[in-house]
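Residue numbers (our numbering), protein chains in the order written: chain A, 1 to 514; chain B, 1001 to 1145.
Ideal Cβ positions, reconstructed from N, Cα and C, are used throughout, including at glycine.
Please read these numbers as outputs of a predicted model, since none were measured by experiment.
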Amino acid sequence: MHLDVALSSLLGLLTTPRLLFLMAIAVPMGIFFGSTPGLGGKLGLVLLIPFVYNMDQLTGAVFLCAMHAVVHTGGSIPSILIGVPGDGPAAATALDGYAMTKKGQAGRALGASFGASTIGGLLGAMFLGLSLPILQPIILSFSPAEFFLLAILGITFIATLSGNSFLKGMIVGLFGLMCAFIGLDPSTGSPRFAFGQLWLWDGLSVIVAVLAMFAVPEMISLGVRGRSFDLSPETAAKLQDSGQPAEASSRKVSYRQIWHGIWDVFQHKWLVLRCSLLVAAIGVIPGLGGDAASWMAYGHTVQSSKHPERFGKGEVAGVIGAETGSCAKEAGSLLPTLFFGVPGSSGMAIMLGAFLMLGIQPGPTMLTDHINIVWSLIWALVIANIICVIMLIAAAPWIGKLGSAKASFLIPYVLVFALLGCYLFGGNWQNLVLVLAMGGLGYLFKRHDWPRAPFIIGVILGKIAEDSLLKAIGIWGASFFWRPISLVLIALIVASVGFYLWRARRPAVVPSHA
Amino acid sequence: MLEGRILVSGIMVVVFATAVLLAFTYAPDARFLPLVIGIPGLLLSCVQLIKEVRERPEPVAPAEERRREVKMFAWCIGFVGALVLFGFLYAGPALVAAYLYFSGREKWYMAVAAAVFAWAVLYGIFEWFLGLPLFEGLLFQWIFG
């Protein structure tokens, strides 16, 4: 532990006005990139790299890190207020966050989201700082066999997220997995399910899947209802009893609601701690991807809850689990990027390029020669999260107005910008047609109570599972199951499925999730 | 009339059946996982379809709701069609204005103001500030090469 370096790096950041100013600029940029569907942190990094070209190593790295650290916090805003997630992890937040908005608890959901993402980010950074000396041998021992089993563990959460429509959940999850196979086959290089279309050789992007399954169906539903959101009958009745105008009361985001949400985070402290550690640890594993980590956190939240039947209907723990997961993984994925030159996520792959451009050579020497940069980046994550929560809490009542926007205004803007996001991500106009077709199916899923979350999990984890399985079989044959870490993961998979089956036998009525 | 819930299950059966049939045409290595996933998917979809067919029919949605659904689907097709043909910079603001005026029943000046705002964001932020080239539309590509 380099306590002196850690403290001097913190002091260095706090006493350098230029760095603080740059972080204060980077944070709203991160919120903007996160909250605009289709942009996201990766595109944000790509667009900001030219701006850091002339900066010194520390300034440039801190600026990019601060921007990237808060992207997911920004992504929670449209997820909660209008049910339109900006990316894969934000879709997990939309499940309960948007349901809370429908219950007239938008402010509480935003507060829980801001609080959980900040604490998740802080705990993730602490995890990174404290685990520096011990994680290296563990990370290096992970192989494709373990990646495959971790992906399978994530897929088992499909059952958890299927509610009482287990069969429907499994079908949608398997459909997501099938969609993940679109594109070039990793073993033979031949195209699969591409129908002779060159643009499908790159596969189905997660952004297209998320916007098709969530943004388009929500907007169609909004147009059919003709108003911003439906209050649940119980909430409408309660508001009517208290003599308040239902629409106005439910849409209002007050500081009181925000603090209520933040207080909820402290009441779920053990959940926050578990999700942060789980996700930061998963984020450390290169190649598994941050999207998967967030869904695993949400799956764990549902699985460990005493009331799984409440999830998907506006349970605040769902927002807390998903948001903690989204933000805690950033620190975890920074670790392999910095010390092994192996990016922990796709965003970190771009960050790696930026580090190299700035003259920072990732590798084990970071621990010896550039430990001050390492600690500065850890503190940048912490400070960016704190700046972000202060800015968002201050602006919350105005941000909340997004949720009370008239449906007729919301629909055309969301459709145009969601379709723009789909285009920008792949640069193919054909993605617009694909999102329309899949969005239609997504609306039918929503209309007839088919869970949509398993589809996203399938798309995210299908590719990872296939790539890793092929590599593992290529290296060890079928015996890869007998590696020690594999056995531990197999035990976890069995325990996860067993726990689900045990709980499914309980008489509680479990509704389906979005 | 075919019920929506049966339609969804039917679509899933067709999707999985097509995927499995296509997978059989691939090389053995390439078809392994699609078949491992596709065959159970097809079986489960068939079970779901049988369940849906056997269940009691759902009450039919009100005609007004069905009319609104058709209208929204038509708008979505219109959005994608216009963006693909005319690009984001021209079709985007026009669609915002058209939706607000015809569907939202807003005043014409509100629709124009919203369209100007959409154009300002599309051009100002995305094209000018961020330097992201926006899709110019197939029609303009065809005309101007």
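Closer than 8 Å to chain A by CB, residue i
i        : result
V1053(B) : no
F1144(B) : no
L1049(B) : no
L1135(B) : Correcting the residue identity first, residue 1135(B) is Phe in this sequence and not Leu. So, interface residue.
Y1099(B) : yes
R1056(B) : no
E1127(B) : no
L1044(B) : yes
A1017(B) : no
Y1109(B) : no
G1124(B) : no
P1034(B) : yes
P1040(B) : yes
V1008(B) : yes
A1063(B) : no
L1139(B) : no
Reduced DSSP category for residue i - H, G, I as helix; E, B as strand; rest coil
i        : result
R192(A)  : strand
G107(A)  : helix
T1018(B) : helix
L11(A)   : helix
G83(A)   : coil
S143(A)  : coil
H268(A)  : coil
A112(A)  : helix
D202(A)  : helix
A246(A)  : Caution is warranted here: a pLDDT of 49 is assigned to A246(A), below 50, making its placement in the model unreliable, and the coordinate value is therefore given only provisionally. In this structure, A246(A) counts as helix in the three-state DSSP scheme.
W259(A)  : helix
G1131(B) : coil
S333(A)  : helix
A385(A)  : Looking at the sequence itself, residue 385(A) is Asn, so the reference to Ala does not match. Three-state DSSP puts N385(A) in a helix.
E1058(B) : coil
T16(A)   : coil
Below-8 Å beta-carbon distance, residue i vs any chain B residue
i       : result
L211(A) : no
H268(A) : no
E466(A) : yes
L432(A) : yes
D369(A) : no
D185(A) : yes
F439(A) : Checking the displayed sequence, the identity of residue 439(A) turns out to be Gly instead of Phe. Yes - at least one Cβ of chain B is within 8 Å of the one on G439(A).
R452(A) : no
H448(A) : yes
W201(A) : no
I456(A) : no
R192(A) : yes
W515(A) : Coverage of chain A is limited to positions 1 through 514, which leaves residue 515(A) absent and any answer about it impossible.
G104(A) : no
A246(A) : Below a pLDDT of 50, predicted positions are generally treated as unreliable, and A246(A), at 49, falls in that range; the measurement from the model is reported next regardless. Output row for A246(A): interface = no.
I220(A) : yes
Beta-carbon proximity of residue i to residue j, cut-off 8 Å
i        : j        : result
A26(A)   : A384(A)  : yes
V316(A)  : M126(A)  : no
L167(A)  : L1044(B) : yes
F175(A)  : G458(A)  : yes
L1042(B) : A1061(B) : no
P1028(B) : R192(A)  : no
L19(A)   : T59(A)   : yes
G421(A)  : I207(A)  : yes
K329(A)  : G124(A)  : yes
L1132(B) : F1088(B) : no
R483(A)  : A145(A)  : yes
I220(A)  : Y443(A)  : yes
A116(A)  : E323(A)  : yes
For residue i, the residue or residues it bridges with in DSSP
i       : result
G169(A) : According to DSSP, which records beta bridges pairwise, G169(A) is partnered with nothing at all.
L184(A) : P191(A)
heavy atom of the ligand FMN below 7 Å from residue i C-beta
i        : result
Y1109(B) : As presented, the structure is devoid of all ligands, the ligand FMN included, so that no description of it is given.
Neighbouring residues, chain D, relative to residue i (Cβ below 7 Å)
i       : result
T188(A) : Absent from the structure is chain D; the protein chains it does hold are A and B.
* Interface positions of the stretch 161-182 of chain A facing chain B (Cβ-Cβ less than 7 Å), listed along the chain -> L167, K168, M170, I171, L174, F175, L177, M178, F181
* Residues of the stretch 405-423 of chain A with a CB closer than 9 Å to any CB of chain B: list them in chain order, please. => Residues are counted here when their Cβ sits less than 9 Å from a Cβ of chain B; for the stretch 405-423 of chain A these are K406, A407, S408, F409, I411, P412, Y413, L415, V416, F417, L419, L420, Y423, given in chain order.
* Residues of the stretch 1066-1095 of chain B whose Cβ lies closer than 8 Å to any Cβ of chain A, in chain order -> Taking 8 Å as the Cβ-Cβ cut-off against chain A, the residues of the stretch 1066-1095 of chain B that qualify are R1068, E1069, K1071, M1072, F1073, W1075, C1076, I1077, F1079, V1080, L1083, V1084, F1088, G1092, L1095.
* Cβ-based contacts, 9 Å cut-off: residues of the stretch 144-158 of chain A near chain B -> none
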